[in-house]
Every structure is written in C-alpha cells, then in structure tokens.
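Visitor: Position one of the sequence shown corresponds to residue 2 (our numbering), numbered consecutively onward.
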Amino acid sequence: MHQHIPTQCPICAGRVEQGTTTFAVDLKSGLIVVRNVPALVCTQCGEEWIEDSTAIELEQITARAKAQNSQLEVVSM
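1. So, helix, strand or coil for I57, using DSSP?
2. What separation, rounded to the nearest whole angstrom, lies between the Cα atoms of P39 and R16?
3. Below 8 Å CB to CB, which residues in the same chain sit around N70 once its five sequence neighbours on both sides are set aside?
4. Can you tell me where the beta strand (DSSP E) with Q19 in it begins and where it stops?
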C-alpha cells in the first residue's frame, strides 16, 4: 500500500519536504530519544509527520528500551 505524500502543509499551506526529526518519549521509568527519524517537514511552520512504517519502528524501539528498564536510551535511525 502506497501512502499519499502531501506537498502542501494542511496547517499553513507551506511546502512539505522529506527531512528528519527527533522523537522523544518520557516513560515513567526513563527517557527515550530517537534521532534522525525520517519525516515529512513543512518548510514554513515546521510541522512534522511520520509514516506508519516509521511509527511502527519507533514503537519497537520504545518497547525494547522499556523491557530493558533503560533510564536513558538515545538511538539514531
């Protein structure tokens, strides 16, 4: 299944381009930071979107860190 990639931001009508972002989640047991996450980024307002497959990868990274009881986990995609 191919996802529709918007070229115009639905928030501000700016241009949307492929880029990267940083994902962080604060679990009660620790903090997980994932850098260089592929994302669609608005060049005007900075709004960011990640694709479903990327979200699944982030969930897996989070689950592994949680299972290891990591207090701080910093990874790069």
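Glycine included, C-beta positions come from ideal geometry on N, C-alpha and C.
Guide: The answer reads as follows:
1. To locate residue 57, count along the sequence shown from 1; it is residue 56. I57: helix per DSSP, three-state reduction.
2. By 1-based counting over the sequence shown, the position of residue 39 is 38. By 1-based counting over the sequence shown, the position of residue 16 is 15. Cα-Cα distance, rounded: 17 Å.
3. To locate residue 70, count along the sequence shown from 1; it is residue 69. Hits under 8 Å: S30 and G31.
4. To locate residue 19, count along the sequence shown from 1; it is residue 18. Its beta strand (DSSP E) spans residues V17 to L28.
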